[in-house]
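Below you'll find the structure, written out as structure tokens, and then a few comments.
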Amino acid sequence: MQRHDVVVVGAGLAGQRAALAAIQAGREVAIVSKLHPLRSHSGAAQGGINAAVGKEDSVETHIYDTVKGSDYLGDQDAIEFFCREAGPTVVEMEHFGTVFSRGPDGSLARRAFGGAGFPRTIYAADRTGLALLQGMWERLGTERFTLYEEWDLTDLVVREGRVQGIVAFDRKTGEFEEIAARAVVIATGPYGRVYGRTTNAHSCTGDGVAVAYDAGAVLKDMEFVQFHPTALLESGILITEGARGEGGYLKNAKGERFMSRYAPHVLDLASRDVVSRAIVTEVAEGRGFSGPYGGYVNLEVMHLGREMIESRLQEIVDFSRNFAGIDPVTEPIPVYPGQHYMMGGISTNLHGETSIRGLFAAGEAACVSIHGANRLGGNSLLETLVFGKQAGIAAAAYAASAPAPEMHASDLDRAAAPLRAWSSRTDGEDPSALRTELQQTMERYASIYRNEADLLEGLRRVRALKARFARVRVVDQSRVYNVNLTDALEVGHLIELSEAIVVGAYARTESRGAHARTDYPKRDDAHWMRHTLAQRTPDGPSLSYGPVTFTRWEPKERVY
Amino acid sequence: MTTQESTIAATFDVYRFDPTKDAAPRYQRYTLDVPPHTPVLSALLRIRAEQDPSLTLRYSCRSAICGSCAMRVNSKSRLACETQVGPEIERNGRVVVEPMRNQAVLRDLVVDQEPFWRQYDRIDPHLILDPRHPMPEGVPTSMSPEQVEAFKETPRCIACGACYSACPAVEADPGFPGPMALAKLYRFVVDPRDSAHQDRLLRIQPGGLWTCLRCHLCTAACPKDVRPSERIRDLKEMAVRAQGGTENGSRHAIGFKDNIRERGVLIEAKLVRQTSGVAGLVGQAGQGVRIYRKKPEILKTPRKIEGLDEVEQIYRALDRPAEDGQ
Ligand SMILES: Cc1cc2nc3c(=O)[nH]c(=O)nc-3n(C[C@H](O)[C@H](O)[C@H](O)COP(=O)(O)OP(=O)(O)OC[C@H]3O[C@@H](n4cnc5c(N)ncnc54)[C@H](O)[C@@H]3O)c2cc1C
Ligand code: FES
């Protein structure tokens, strides 16, 4: 058995920032990650990170934009704190070594992003996430900590309402181990692989969220799923908003810049949910293109000219050429909305505290909530750093006075037993077939536009998959790097989280932010200005509701 | 995109090896109908889903940004997620998929990257600050776009290891840091925030910088166009300019340059002494004797070539401070 003061699960930006904060607070820290830290999905973020540092901009406007963007479901105390931390956070990352793009005067370069009042998105070419992840890992590398690289979390041990540690296994040997901890921080990132078309990596399977949920942690606002309007048609790879920020625009099959019908003022720079729904509507009403991968619209950047495209939008050029065989300098890029960001997650306050003592969460796995019903581009990288740090500080403070954790041999057996059973079956369900069916189900019944009948059917199907998962079978018998086993583990997590999404969406009989019910098209503040809280029971999620914190901004209709 | 896509029947010969079970590696053949622009990674994942879930590989982002899926495709080290099947079939008739080289195979296409990361750690991959010049309080360091340009493409590195796999110097000398670590070193040596430029150059010279053979295979392999071999060349230049000859490699380069300036041709015996010192001369005496037997003129100092004044002019021009700011 291993023992640590603080165990951070996940080594993306949130996990690394949490680890650094806990180390700086004097605790002994271990990081557990199924990927090498530099391979975390944070590295895929392209567009940038928000901070109101420009002379014409202000923290107040950033707060207001975030509150409004959240469709008034964001907690305003958390949003205020968050936006005030933005400037210092970006400066800190610069000091850690991040190589940002610069303006002619040597300052941090900024670009315009959807839903923002001013150009306030600081970037590093179109690989901001990679630049931040490198800077963070370089800084963290100067500290002492234990790294469990390519280890998978499988269980969280909670006794008498307190976290005692985790169970995880080493991919390279297949060995399980109990890792006792006074405090645990979950920073395992998103679960976009619930959907078929997603901008998220294959590894984004919500493991930490599902494991915490299983251990009794409360999840918040799971029904709020953001779709990015411009995912590459076939692969779902993201074409950044930066493309539109730099002057690109969307056109339908009739050659119309259709955004003028949906957001007459800001057009293509409207907030993501607005643009996504516009594209779905265009295609549904017959004004889109169609092809073997379904309906789509065109994103055009050709008019910006080769030089500008190749210097400012390099990754987009590479993506289009390498993954779709399209040259954006001369051809339009076929796009359709794909799942992009999960507003929901493990419910926390602004210190990363969850409903379980000693359990903390941060980053996309958590829900504070600052994004409310809809996240603004550039706010989530910032969230990983701001609340990663807070969670690290809080976990360190808790660990300093928490009693020594108590783990038993039975904890390991309980965690390992089901996985061993999967491998000893001679007949059963194939994990990748279950995953494909789940993704098709969620895509069809619980994506951008929702209604009661679809959600009920979606729920029925997800539950059928859950029943089938009980008979899942791992064919591969090797202990070394068994991807078949991790596939099974991950699809189990995806199924649990899908159920929470669908149940939350079915219950919320209104439309708000990214949650669009065609049968309840209006926002309903009287009934629904509240957070959905979900707790696991053997019969599925049990829902309750919690208040939204207001400070200074009264709800208004959200128009762009 | 509006027409139904045509597919090709592609043959994949995939390296399979589980050291805990198998006596020796083998190749397993799979066939699959795929549209030609299908990435090799997608094809391998389809094989996993439809034919053989035990086929083992690393992958995550499927968009050439996480660096997980580097492997050899038809002998070239590259990312499976951005290598399309069609051109490989056209070129080679089939797609041979193998693990990266220079790293032990853990299983099938998954290699042990521990040595690669150790080399990365060895170059002190973090800013080293001068306590006398702390970072400006609460504001970002000022850095001009030109200073950012000076990093060249090194910030694009995704640490996939393709360059490490392609590098013959790593194969010959596992102590060589390899292209990725050296490109990373360059990134710190040009960073205006870092205060240890000189020290870094000095420390990397023994058994580091000069082992590079200048074959440029790393640059050919790099999926992100980081061009490690060019940055290694830059590091060599900076090391020599900053410190003169501290190493056999740099002394060799300097001796070479001085010989040509002096006579217009190499003065071979002198070059050995310049490179390896007197001790080196003694050490290489046996070889020297053998060469002398075949080529007695080797010990004579060659005559100056005609037009040495033109050579001198070239040197003068090169000695002038570079205006492009490197
Ligand atoms: C394509 C794309 C572009 C984006 N662009 C932007 C942008 O421009 N601006 C912006 O603000 N936001 C952007 N986002 C969102 C933002 O990148 C993410 O919200 C953020 O990076 C999430 O960071 P994280 O640290 O929470 O999780 P991640 O970076 O996903 O890290 C998760 C970590 O958890 C580990 N892990 C997962 N499961 C387990 C397990 N079972 N056991 C052990 N470890 C585990 C992983 O190994 C990984 O280290 C983008 C997202 C995508 C997908
Ligand atoms: S899967 Fe990430 S680089 Fe290929």
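Chains A and B, in that order, give the protein sequences.
In case it helps, the numbering used here puts the first sequence at residues 1 to 560.
In case it helps, the numbering used here puts the second sequence at residues 1001 to 1326.
All C-beta atoms, glycine included, are put in the ideal place defined by N, C-alpha and C.
All values derive from a computational prediction rather than experimental measurement.
Problem set entry | Reduced DSSP category for S271(A) - H, G, I as helix; E, B as strand; rest coil | Mapped onto the first sequence, residue 271(A) falls at position 271. In the three-state reduction of the DSSP assignment, S271(A) falls in the coil class, being assigned neither a helical nor a strand state.
Problem set entry | Below-7 Å beta-carbon distance, R1107(B) vs any chain A residue | Within the second sequence, residue 1107(B) is the residue found at index 107, counting from 1. Yes, its Cβ sits closer than 7 Å to a Cβ of chain A.
Exercise. Just reading off the beta strand (DSSP E) that N298(A) is part of, what are its end residues?
Worked result: For the purposes of this step, residue 298(A) is taken as the residue at position 298 of the first sequence. Looking at the DSSP string, the run of the beta strand (DSSP E) that includes N298(A) is 297-300.
For this session: Please decide whether S108(A) counts as near chain B, where near means a Cβ-Cβ distance under 7 Å.
Result: Residue 108(A) sits at position 108 when you count from the first residue of the first sequence. Per the sequence shown, the amino acid found at residue 108(A) is Leu instead of Ser. It does; some Cβ of chain B falls within 7 Å.
Exercise. Does the beta carbon of A1181(B) come closer than 7 Å to any beta carbon on chain A?
Worked result: Position 181 of the second sequence holds residue 1181(B). Among the CB atoms of chain A, none fall inside 7 Å of the CB of A1181(B).
For this session: Sort L381(A), R523(A), T537(A), H493(A) by Cα distance to A131(A) and report the nearest one.
Result: By one-based count along the first sequence, residue 131(A) stands at place 131. Proximity to A131(A) across L381(A), R523(A), T537(A), H493(A) peaks at L381(A), based on C-alpha coordinates.
Exercise. Can you list the residues of chain A that G1138(B) reaches, using a CB-CB cut of under 9 Å?
Worked result: Position 138 of the second sequence, counted from the first residue, corresponds to residue 1138(B). Listed along the chain, the chain A residues whose CB falls inside 9 Å of the CB of G1138(B) are G87, P88, V91.
Exercise. With burial defined as no fewer than 16 other Cβ atoms inside 10 Å of the residue's Cβ, what is the status of N374(A): buried or exposed?
Worked result: The residue you call residue 374(A) lines up with position 374 of the first sequence. With 16 or more neighbouring CB atoms inside 10 Å of its own CB, N374(A) falls in the buried class.
Problem set entry | Three-pair Cβ contact test at 8 Å for the region 135-152 of chain A versus the region 1077-1091 of chain B | Not touching, per the Cβ criterion.
Problem set entry | Among R471(A), F96(A), P119(A), S290(A), the one whose alpha carbon lies nearest that of G103(A) | Residue 103(A) sits at position 103 when you count from the first residue of the first sequence. Of the residues R471(A), F96(A), P119(A), S290(A), the one whose Cα lies closest to the Cα of G103(A) is P119(A).
Problem set entry | Rounded C-alpha distance that separates L1201(B) from S1229(B) | Here residue 1201(B) corresponds to residue number 201 of the second sequence, with the count starting at 1. Here residue 1229(B) corresponds to residue number 229 of the second sequence, with the count starting at 1. For L1201(B) and S1229(B), the distance between alpha carbons rounds to 16 Å.
Exercise. Where DSSP assigns a beta bridge to D458(A), which residues make up the other side?
Worked result: As a position in the first sequence, residue 458(A) is number 458, starting the count at 1. The amino acid occupying residue 458(A) in the given sequence is Gly; Asp does not appear at that position. Partner(s): none; G458(A) has no beta bridge.
Exercise. Can at least three beta-carbon pairs, one atom from the region 1004-1016 of chain B and one from the region 1028-1047 of chain B, be found at a separation below 8 Å?
Worked result: Contact holds: three or more Cβ-Cβ distances are below 8 Å.
Exercise. Buried or exposed: where does R523(A) fall if 16 or more other Cβ atoms within 10 Å of its Cβ makes it buried?
Worked result: Counted from its first residue, the first sequence places residue 523(A) at position 523. Burial call: buried.
Exercise. Are V475(A) and P1053(B) closer than 7 Å when you measure CB to CB?
Worked result: On the first sequence, position 475 is the one that residue 475(A) refers to. On the second sequence, position 53 is the one that residue 1053(B) refers to. With contacts defined by Cβ atoms closer than 7 Å, V475(A) and P1053(B) form a contacting pair.
Exercise. Between G165(A) and ligand 1, is the CB less than 6 Å from at least one heavy atom?
Worked result: Along the first sequence, read from residue 1 onward, the residue named residue 165(A) stands at position 165. Answer for G165(A): no, Cβ out of range of ligand 1.
Problem set entry | According to DSSP, residues forming a beta bridge with I333(A) | Walking along the first sequence from the start, residue 333(A) turns up at place 333. L299(A).
Problem set entry | C-beta neighbour in chain B for A500(A), strict 7 Å | Along the first sequence, one-based indexing puts residue 500(A) at 500. Taking CB atoms only, A500(A) has no neighbour in chain B less than 7 Å away.
Problem set entry | CB contact check: M1100(B) to chain A, cutoff 7 Å | As a working mapping, residue 1100(B) is identified with position 100 in the second sequence. Judged by the 7 Å Cβ criterion, M1100(B) is not in contact with chain A.
Exercise. So is M1143(B) buried or exposed if we call it buried at 16+ other beta carbons inside 10 Å?
Worked result: Locating residue 1143(B) in the second sequence gives position 143, where the first residue counts as 1. Classification of M1143(B): buried, given that the 10 Å Cβ count is 16 or more.
Problem set entry | For G392(A), the three-state DSSP class (helix, strand or coil) | Within the first sequence, numbered from 1, the residue matching residue 392(A) stands at position 392. It is helical.
Exercise. Looking at V157(A) and ligand 1, is the gap between the Cβ and the nearest heavy atom below 6 Å?
Worked result: On the first sequence, position 157 is the one that residue 157(A) refers to. At a cut-off of 6 Å, the beta-carbon of V157(A) does not count as near ligand 1: no heavy atom of the ligand is closer than that.
Exercise. Straight-line CA distance for S369(A) to G352(A)?
Worked result: Residue mapping note: residue 369(A) aligns to position 369 of the first sequence, counting from 1. Residue mapping note: residue 352(A) aligns to position 352 of the first sequence, counting from 1. Going from the Cα of S369(A) to the Cα of G352(A) covers about 11 Å.
Problem set entry | E364(A) beta carbon less than 7 Å from that of P521(A) | Taking the first residue of the first sequence as 1, we reach residue 521(A) at position 521. Taking the first residue of the first sequence as 1, we reach residue 364(A) at position 364. Taking 7 Å as the Cβ cut-off, P521(A) and E364(A) do not qualify as a contacting pair.
Exercise. Can you give the Cα-Cα distance for A231(A) and T198(A), rounded to whole angstroms?
Worked result: Within the first sequence, numbered from 1, the residue matching residue 231(A) stands at position 231. Within the first sequence, numbered from 1, the residue matching residue 198(A) stands at position 198. Note on geometry: alpha-carbon atoms of A231(A) and T198(A) lie some 8 Å from one another.
For this session: Using alpha carbons as the reference points, say which of R1101(B), R1193(B), M1071(B) lies closest to F96(A).
Result: Walking along the first sequence from the start, residue 96(A) turns up at place 96. Of R1101(B), R1193(B), M1071(B), the residue nearest in Cα terms is R1193(B).
Exercise. By Cβ distance, which residues of its chain are closer than 8 Å to I1305(B), with the 5 residues on each side in sequence left out?
Worked result: Numbered from 1 along the second sequence, position 305 holds the residue referred to as residue 1305(B). Cβ neighbours of I1305(B) within its own chain (closer than 8 Å, five residues either side excluded): R1263, G1264, V1265, V1311.
For this session: Report the option in E490(A), P37(A), A409(A), G69(A) whose CA atom is closest to the CA atom of Q164(A).
Result: Here residue 164(A) is taken as the residue at index 164 of the first sequence, counted from 1. Check the Cα spacing between Q164(A) and each of E490(A), P37(A), A409(A), G69(A): the tightest is with A409(A).
Exercise. Which first and last residues belong to the alpha helix (DSSP H) in which Y506(A) is found?
Worked result: Here residue 506(A) corresponds to residue number 506 of the first sequence, with the count starting at 1. Here the alpha helix (DSSP H) through Y506(A) covers 483-507.
Exercise. Closer than 6 Å: is that where the CB of L20(A) sits relative to any heavy atom of ligand 1?
Worked result: The residue labelled residue 20(A) in the question sits at position 20 within the first sequence. No - ligand 1 has no heavy atom lying nearer than 6 Å to the Cβ of L20(A).
For this session: Sort out for me which residues DSSP pairs A361(A) with in a bridge.
Result: Numbered from its first residue, the first sequence carries residue 361(A) at position 361. I186(A), per the DSSP bridge assignment.
Exercise. Which bits of chain A does H1133(B) rub up against, with CB to CB less than 9 Å?
Worked result: As a first step, residue 1133(B) is located in the second sequence; it is residue number 133 there, counting from the start. Close partners of H1133(B) in chain A (Cβ separation under 9 Å) are lacking, with about 13 Å as the shortest Cβ gap.
For this session: Return helix, strand or coil for C367(A), following the three-state DSSP convention.
Result: Looking up residue 367(A) in the first sequence gives position 367. Per DSSP, reduced to three states, the secondary structure at C367(A) is strand.
For this session: Could you tell me whether the region 39-56 of chain A touches the region 253-261 of chain A, using the rule of 3 or more Cβ pairs below 8 Å?
Result: When C-beta atoms of the region 39-56 of chain A are compared with those of the region 253-261 of chain A, fewer than three pairs fall below 8 Å, so the two segments do not count as touching.
Exercise. Counting contacts by CB-CB distance shorter than 7 Å, is D1324(B) in contact with chain A?
Worked result: Numbered from its first residue, the second sequence carries residue 1324(B) at position 324. Bear in mind that a pLDDT of 37 at D1324(B), under 50, signals an unreliable position, so the model cannot answer this.
Problem set entry | Closer than 6 Å: R321(A) CB and nearest ligand 2 heavy atom | For the purposes of this step, residue 321(A) is taken as residue 321 along the first sequence, with counting starting at 1. No, Cβ of R321(A) sits at least 6 Å from all heavy atoms of ligand 2.
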